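What follows is one structure encoded as structure tokens, with my remarks underneath.
Number of protein chains: 6
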Amino acid sequence: MFLPHQSWPDLADYVADESLAVVPLGSTEQHGPHLPEGTDYLIAEALARAATDRTGYLCTPPIPVGVSSHHRQFHGTMWVDPPVFRDYVESLSRNLTYHGIDRIVYVNAHGGNVQHLREVGRRLHEDETAFAIEWMWDESIPGLIEEVFETPGPHGGPKETAMIMHIAAELVREDRLEDARDGGAIFDYEAELVHGARIFYDAIENSPNGVFGDQTDATPEIGERLFEAATEQLVALLEWLDDQPFSDLVASPHVDPRST
Amino acid sequence: MFLPHQSWPDLADYVADESLAVVPLGSTEQHGPHLPEGTDYLIAEALARAATDRTGYLCTPPIPVGVSSHHRQFHGTMWVDPPVFRDYVESLSRNLTYHGIDRIVYVNAHGGNVQHLREVGRRLHEDETAFAIEWMWDESIPGLIEEVFETPGPHGGPKETAMIMHIAAELVREDRLEDARDGGAIFDYEAELVHGARIFYDAIENSPNGVFGDQTDATPEIGERLFEAATEQLVALLEWLDDQPFSDLVASPHVDPRST
Amino acid sequence: MFLPHQSWPDLADYVADESLAVVPLGSTEQHGPHLPEGTDYLIAEALARAATDRTGYLCTPPIPVGVSSHHRQFHGTMWVDPPVFRDYVESLSRNLTYHGIDRIVYVNAHGGNVQHLREVGRRLHEDETAFAIEWMWDESIPGLIEEVFETPGPHGGPKETAMIMHIAAELVREDRLEDARDGGAIFDYEAELVHGARIFYDAIENSPNGVFGDQTDATPEIGERLFEAATEQLVALLEWLDDQPFSDLVASPHVDPRST
Amino acid sequence: MFLPHQSWPDLADYVADESLAVVPLGSTEQHGPHLPEGTDYLIAEALARAATDRTGYLCTPPIPVGVSSHHRQFHGTMWVDPPVFRDYVESLSRNLTYHGIDRIVYVNAHGGNVQHLREVGRRLHEDETAFAIEWMWDESIPGLIEEVFETPGPHGGPKETAMIMHIAAELVREDRLEDARDGGAIFDYEAELVHGARIFYDAIENSPNGVFGDQTDATPEIGERLFEAATEQLVALLEWLDDQPFSDLVASPHVDPRST
Amino acid sequence: MFLPHQSWPDLADYVADESLAVVPLGSTEQHGPHLPEGTDYLIAEALARAATDRTGYLCTPPIPVGVSSHHRQFHGTMWVDPPVFRDYVESLSRNLTYHGIDRIVYVNAHGGNVQHLREVGRRLHEDETAFAIEWMWDESIPGLIEEVFETPGPHGGPKETAMIMHIAAELVREDRLEDARDGGAIFDYEAELVHGARIFYDAIENSPNGVFGDQTDATPEIGERLFEAATEQLVALLEWLDDQPFSDLVASPHVDPRST
Amino acid sequence: MFLPHQSWPDLADYVADESLAVVPLGSTEQHGPHLPEGTDYLIAEALARAATDRTGYLCTPPIPVGVSSHHRQFHGTMWVDPPVFRDYVESLSRNLTYHGIDRIVYVNAHGGNVQHLREVGRRLHEDETAFAIEWMWDESIPGLIEEVFETPGPHGGPKETAMIMHIAAELVREDRLEDARDGGAIFDYEAELVHGARIFYDAIENSPNGVFGDQTDATPEIGERLFEAATEQLVALLEWLDDQPFSDLVASPHVDPRST
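Residue numbers (our numbering), protein chains in the order written: chain F, 5 to 264; chain W, 5 to 264; chain A, 5 to 264; chain C, 5 to 264; chain Y, 5 to 264; chain B, 5 to 264.
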């Protein structure tokens, strides 16, 4: 159930009976010469809507701008500063609880948002407002990704390329896939460390065109497989979460000092 | 040019030559029994994209959640607290200037955002970061609105109904237009005042179903007229703004104390 | 009862029996060549004290500096930034509730404060701390103002001039009334819009000397009429507010999803 | 020159030639059974206006509510939280510099404000915005105070009583001076410490009626002597400050590491 | 009981039975040519650990960086801005209450921290989270200090020199004691005032080498006497505080308006 | 060079010639039944001091309390909230630049601090204040750790046990190593995920006694090897960082839109 398309009386049963909301989040940032800047929020929205269409859970509109300053050297990258992003998501989440929501899944498709969504989730958890968790689509299907790609790339690689080929094929510049690969890099996290320290702050330091991996490995068919597999995982997660009694989602109490 | 659909090299000419950005903003909040909760951001996005398609200016993705706590009693209304909203828009706007943007139009379709967008615009103006102005579609065509509707309503009335009939007809519950009218109210601002003071805080105090005016007056044809007229105004505003030298957009200097 | 002039035991009965406070707020900002910079807080204080003298309600000292950066180009204008103003008024208001106050009227005489006082009022309303409302004197007597002036002006015009002639005649530079008119402007809000957008941020953009309207229309007699009429409205508002049970001032509950 | 009473053109010479502003600050808080709650801001305003009348320096309106939660148990005490107070004074001060002010004297009559005004002054000093200093009237004439009173009291004692007798005699409840003394306490700071720690937070812990010292020692004549002596000190301070080149008021540079 | 050296099960009895914590705080800032920059936190930690070793109360690790910008001109001085310092101590203190702590002594050895610790203590007191008080070692033994030194100095003088001679003799540059004295100053607070105003912000304005008093008066024997005397005071304070029922530590209620 | 042990003139050469500072950070939090709560900051300090002793770089005192609420259920765990931690480290770091520091290594031994230190580093990087990087000791020697332990554990396992055996053997409860292992867990990150989502917030959800891995594999000899290897890496990092021209540490410029 996509909230922006419902009128308020249509939500009466949901408010009466349900307590789960899905919030898609991504970013608007460079994704190489071949992918659109909205890649991440388009993926997040597509997955969130597919999973909520199949299950009937409530899906909010996507939050399209996230924490992306590490891509700012490339034209058009948008971002908000991390404290602002956290506060925006926190405020939006707290206010959802006014309608009886007590569990939230942040359907996320941008790595730069992960730690911030977890920090927001922790705030809500620690004061027992709600149980909100971050779900990043590619972390739900690591086996499949490993199976279909040699170099999935952390950003703008064949993984995201295949997804957009499936979701919005017209937005992929097919004629630039080789350029994307040849002008980018194979990311080797270990190799980037200097004596154990991460010394880079921006994507441009690791890749001239901002992306990683071999984009020519992407196909719409693989995209569809990834999409379906991730949607299945998300559906399962929503059902699992809906099944938990709220008391099981609340923080554990302090260890009893008299029992040890 | 819709930023989320561009890849970064596609923006090179724009970054090199242009300095204007359009940011659509709305809300996700109750709009009565007949309109979808996303009404405001759907209108804002549609207008912003139409005007930028026609002119080639840059359009960011829409910000779908705004300042709407005054609608919270109705199921599904989402909102962020005002300081959070202002900071989110400010951060996003400041960061746009990294790409050479120095003038921004907030294409807004939610009255509750107006004063906050102006406050953000003032911050950017006072420190000379950028010239950002708020534009609310219905304030650009008051004559036409007056001509076509007797009771346009400040919220969820025939004005917005007609617009959604034009933009996304499938989201209007046509069979509830009479209910919308009969279960709502004709808003009379003066009559709501008590000895000059505004004593209401929430829409529910003024309208049982959250909306105002006579929705049965709306038609898709009127919607199209409104849409075209407002788009024309927006196009004209963008062109006017683009024509101004930045020095004319900067705050006036202090009055010279020696000249008076 | 003017709080700054009372000793604490004098307030025992009030604290025991009453729950209403009046807080006058204005600004210290340019008011043209003929009016003193303190015009707004002097008006607010005079009205608040008159109405509380007549009714016995508690009146705090006036807050003399508000949100006025839009007048800063003119010598001497003082201001605080909007978030600071809101926090100051909010803190002061929350702390008043420690003495049992649960309803507050902000007697305001500066347009630039309105939206900020409403935002503070909303904060207090939403967490049920207190019911605080903004009252702007000239909005309580629109008919009379229209009757006595052709061009009342939104700032520094005959309306405020007449009030200061009545309240503190010695502070009006009578010999500059024609200068005020001739060096200023007749404000036409509609005419200032560009395709529906408000493109000005500072008063100096609309008026060379910072004021609007025809100040030569002001007389002390008109000032007295305005003052008496507004005081009457304020008295009536205080009495109305005092009569409300607090339960009627609290926010409406969420619409019951099972009843629709 | 009292800013609220000037029109903006009257300030042209001052803005052109001068750079000093005086800001009176006090509080609205209990001052025992005999003194008005506005005692502190009335004293601050009276001294600031006397000294600026005699010298021609610019005096802003008084800030009447300060940091006073330690008096909150007594009816009517008003206060703002310390961070809010600091931000309000800081914002107001920074904005004064827009008119060329680069030195400010906070004429203060409330002990609870002292550390906060110094913290604000330090902020402005460290970023070289302005040189702002706190001046507390009784600290400028310790010898005279010691001479005229045995127990001046830190709050609501004969010192403040005499000042109000001189400034606004009608606000002193003369018939309660003995009550004030008998129902209060002689403050002995050392005696209040527990093994070196200050364990009290509120005035009520040290004095049943909130005040200290023997108020029956106060007379209007003593009040006048105190007022004149303090005004003289303030005049001298303003003249001293005005004489300093700004370069002498700026923070010292870092010690040159090569010279030691 | 030094918390950093305990494993968590070792604390079970304490958590079950006790509610007092000791938090040592100092600074890392210049202390003249002869004393180490860590002087203040080394003293605070030594005293806190001695007193808690003798009594069994819980001692946290020392907070080594405080509010010291007034020493910044001298090489190596570290500091955090006052709002940050307050928030850090407040957060740390609030979180201690999760383990049942409801009373805290801030064992402080840096004058620049005093007012900030009191402000934090007040915050915790006013919302009844905990009773936290600041204890500055030298304020607990004023008689002894006066007895053993002619010019104890507020900073880097013989008082602190003797303490470090006792606590960490190897860190005192004995050969620079005369330099410390001759290159510094005898601080005369009164003499530094200009017409009652404190016009200095940084230590360098009062002392060329940053310290005050005659350091050659310090000996390890005096240091030991000071240390023992202060430790005794602290032990007594901890025992006193532990003995108080929490209801006695809570803020006094509002004066009953019906009883006066 | 350990800053707290230096007097300010001892730092003159460093301030004149060098621009690197090392800041050790850890936490005070439960580390199982066998390790002290200060484990992380003791490790961080020991490594930072060893590396700076060997190279002469400046080492600040350790920051002993970090982001650890996820361990709060176990007695004695201390923490500050993440925004407070970030602001404290940021303020401290910015202020170090006053002495000419332009590069900082955060020597960190607590996983919970990592993302926050990187966020602070990014803030300083983006406004070109300084180049600050986070270094976590165990990430610098992954090969060795893998070689010596089968189950190093992310927290309180043999890795940290061995380090404390080497650094402060007296603080290890040797007799509880088997308890630590048997009462804890082998952490399997993948197994903890639910359909790709991390659903735990606190350590207690994964381990009954708060620790992971087989602590009986730890020996002082292994601790020494780890310590020496990590120190070597840190020394190499400091030397590498010191060798970089500052211009190489500054953020890359925006991609030139005219060159693509």
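Note that CB positions come from ideal geometry on N, CA and C, so glycine has one too.
Note that the coordinates shown come from a computational prediction; the quantities given were computed from them, not determined experimentally.
### Task
Alpha carbon to alpha carbon, how far is Ser23/Y from Met82/C? Give it in angstroms, no decimals.
Position 78 of the fourth sequence holds residue 82/C. Position 19 of the fifth sequence holds residue 23/Y. Their backbone Cα atoms lie some 34 Å apart in a straight line.
#### Entry: 8 Å contact criterion, which Leu29/Y and Pro66/Y should meet: CB distance rounded
If you number the fifth sequence from 1, residue 29/Y lands on position 25. If you number the fifth sequence from 1, residue 66/Y lands on position 62. Confirmed, about 7 Å.
### Query
Between which two residues does the beta strand (DSSP E) harbouring Val19/F extend?
Locating residue 19/F in the first sequence gives position 15, counting from the first residue. Premise fails: Val19/F lies in the alpha helix (DSSP H), 16–21, not in any beta strand (DSSP E).
### Where Glu138/C falls: helix, strand or coil (DSSP)
Taking the fourth sequence and counting its residues from 1, the one referred to as residue 138/C is at position 134. In this structure, Glu138/C counts as strand in the three-state DSSP scheme.
### Task
Just the chain W side, please: which residues come within less than 9 Å of Tyr205/F by C-beta, in chain order?
Residue numbering aside, residue 205/F sits at position 201 when the first sequence is read from its first letter. The premise fails here: Tyr205/F is roughly 15 Å from chain W at the closest Cβ pair, so nothing lies under 9 Å.
### Message
Tell me whether the stretch 195–208 of chain W and the stretch 129–148 of chain W touch, counting them as touching only if at least three CB pairs, one residue from each stretch, are closer than 8 Å.
### Response
no
#### Entry: Contacts of Gln10/Y in chain B (Cβ-Cβ under 7 Å)
Within the fifth sequence, the letter at position 6 stands for residue 10/Y. Neighbours of Gln10/Y on chain B, chain order: Pro40, Glu41, Gly80.
#### Entry: Residues bridged to Tyr110/C (per DSSP)
For the purposes of this step, residue 110/C is taken as residue 106 along the fourth sequence, with counting starting at 1. DSSP output for Tyr110/C lists Val27/C, Glu138/C as bridge partner(s).
### Task
Kindly list the residues whose CB is nearer than 8 Å to the CB of Glu94/W, restricted to its own chain and excluding five residues on each side of it in sequence; keep chain order.
As a working note, residue 94/W is residue 90 in the second sequence. Counting only Cβ-Cβ distances below 8 Å, and skipping sequence neighbours, we find Val124, Arg127, Leu128.
### Message
Pop quiz: Val71/Y and His159/Y are said to be a contact at Cβ under 8 Å. What is the actual Cβ separation, rounded to whole angstroms?
### Response
Here residue 71/Y refers to the residue found at position 67 when the fifth sequence is read from its first residue. Here residue 159/Y refers to the residue found at position 155 when the fifth sequence is read from its first residue. With 8 Å as the limit, Val71/Y and His159/Y do not qualify as a contact, their Cβ atoms being about 13 Å apart.
### Contact set between Pro224/W and chain F, taken where Cβ atoms lie within less than 8 Å
Locating residue 224/W in the second sequence gives position 220, where the first residue counts as 1. In chain order: nothing, as chain F lies at least about 18 Å away.
### Chain-ordered neighbours of His258/W on chain C, where CB pairs are closer than 9 Å
The sequence position of residue 258/W within the second sequence is 254, counting from 1. Result: Val19, Tyr102, His103, Gly104.
### Task
Assign Arg90/A to one of two classes, buried (16 or more other C-beta atoms within 10 Å of its C-beta) or exposed (fewer than that).
Along the third sequence, read from residue 1 onward, the residue named residue 90/A stands at position 86. Buried, since its Cβ has 16 or more Cβ neighbours within 10 Å.
### Message
Counting only Cβ pairs nearer than 8 Å, list the residues of chain W close to Pro146/F.
### Response
The residue given as residue 146/F occupies position 142 in the first sequence. The contacting residues do not exist; Pro146/F stays about 27 Å from chain W at best.
### Task
With a 10 Å radius around its C-beta and 16 neighbouring C-beta atoms as the bar for buried, classify Trp12/B as buried or exposed.
Working through the sixth sequence from its first residue, we reach residue 12/B at position 8. Classification of Trp12/B: buried, given that the 10 Å Cβ count is 16 or more.
### Query
Going by alpha carbons, who is nearest to Tyr61/C out of Phe204/C, Val239/C, Ser263/C?
In the fourth sequence, the residue the question calls residue 61/C occupies position 57. The residue from Phe204/C, Val239/C, Ser263/C with its alpha-carbon nearest to that of Tyr61/C is Val239/C.
### Task
Could you spell out the range, first to last residue, of the alpha helix (DSSP H) harbouring Asp221/F?
As a first step, residue 221/F must be located in the first sequence, where it is residue number 217. Counting along the chain, no alpha helix (DSSP H) covers Asp221/F, and no H or E run does either.
### Task
Drop a sphere of 10 angstroms on the beta-carbon of Pro8/B, count the other beta-carbons inside from all chains shown, and report buried for 16 or more, exposed for fewer.
Within the sixth sequence, the letter at position 4 stands for residue 8/B. Note on Pro8/B: 16 or more other CB atoms within 10 angstroms of its CB, so buried under the neighbour-count rule.
### Message
Given this structure, state the Cα-to-Cα distance separating Ala184/B from His35/B, to the nearest angstrom.
### Response
Locating residue 184/B in the sixth sequence gives position 180, counting from the first residue. Locating residue 35/B in the sixth sequence gives position 31, counting from the first residue. Straight-line Cα distance between these residues: approximately 10 Å.
### Task
Tell me whether Val248/C is buried or exposed, calling it buried when 16 or more other Cβ atoms sit within 10 Å of its Cβ.
Within the fourth sequence, the letter at position 244 stands for residue 248/C. Per the sequence presented here, residue 248/C reads as Gln, with Val not at that position. Exposed.
### Task
Could you check what DSSP says for Arg202/B in three-state terms: helix, strand or coil?
Numbered from 1 along the sixth sequence, position 198 holds the residue referred to as residue 202/B. Residue state, collapsed to three classes: strand.
### Query
How big is the Cα-Cα spacing for Pro224/Y and Phe153/Y?
For this step, residue 224/Y is matched to residue 220 along the fifth sequence. For this step, residue 153/Y is matched to residue 149 along the fifth sequence. Rounded to the nearest angstrom, the two C-alpha atoms are 13 Å apart.
### Message
Below 8 Å, how does it come out for the stretch 226–243 of chain A and the stretch 166–178 of chain W: are there three or more Cβ pairs, yes or no?
### Response
no
### Query
Cβ of Arg262/F less than 8 Å from any chain G Cβ?
Absent here is chain G; the protein component of the structure consists of chains F, W, A, C, Y and B.
### Task
Measure the alpha-carbon distance for Asp221/A versus Pro162/A and round it to whole angstroms.
Along the third sequence, one-based indexing puts residue 221/A at 217. Along the third sequence, one-based indexing puts residue 162/A at 158. Taking the straight line joining both Cα atoms gives about 6 Å.
#### Entry: Of the residues Glu33/F, Arg180/F, Ala50/F, Thr32/F, the one placed nearest Phe6/F, counting alpha carbons only
On the first sequence, position 2 is the one that residue 6/F refers to. The shortest C-alpha separation from Phe6/F is found at Ala50/F.
### Ala189/W, DSSP secondary structure in three states
As a first step, residue 189/W is located in the second sequence; it is residue number 185 there, counting from the start. Strand, per DSSP.
### Query
Listed in chain order, which residues of the stretch 193–220 of chain W have Cβ atoms closer than 8 Å to some Cβ of chain F?
Gly214
### Task
Establish whether the CB of Leu241/Y and some CB of chain C are separated by less than 8 Å.
For this step, residue 241/Y is matched to residue 237 along the fifth sequence. So, interface residue.
### Message
Under DSSP, the alpha helix (DSSP H) around Asp57/Y begins and ends at which residues?
### Response
Stepping through the fifth sequence from its first residue, residue 57/Y is reached at position 53. First-last of the alpha helix (DSSP H) with Asp57/Y: 43–59.
#### Entry: Contact with chain W by Thr64/F, beta-carbon distance below 8 Å
The residue you call residue 64/F lines up with position 60 of the first sequence. Yes, its Cβ sits closer than 8 Å to a Cβ of chain W.
### Query
For Ser73/C, which residues in chain Y fall below 8 Å Cβ to Cβ?
Within the fourth sequence, residue 73/C is the residue found at index 69, counting from 1. In chain order: Arg126, Glu130.
### Query
Quick one: Cα of Thr319/W to Cα of Ser256/W, how far?
Absent from the model: residue 319/W. The displayed extent of chain W is 5 to 264, so no value can be given.
### Task
Answer with yes or no whether the minimum CB distance from Gln248/F to chain W is below 8 Å.
For this step, residue 248/F is matched to residue 244 along the first sequence. For Gln248/F, the answer is no, since every Cβ of chain W falls outside 8 Å of its Cβ.
### Task
Mark Ser211/W as exposed unless 16 or more other C-beta atoms lie within 10 angstroms of its C-beta, in which case mark it buried.
Taking the second sequence and counting its residues from 1, one reaches residue 211/W at position 207. Buried is the call here.
### Query
Pick from Arg122/Y, Ser73/Y, Arg58/Y, Phe231/Y: whose alpha carbon is nearest that of Thr165/Y?
Reading the fifth sequence from its first residue, position 161 is the one you call residue 165/Y. Of the listed residues, the one whose Cα sits closest to Thr165/Y is Phe231/Y.
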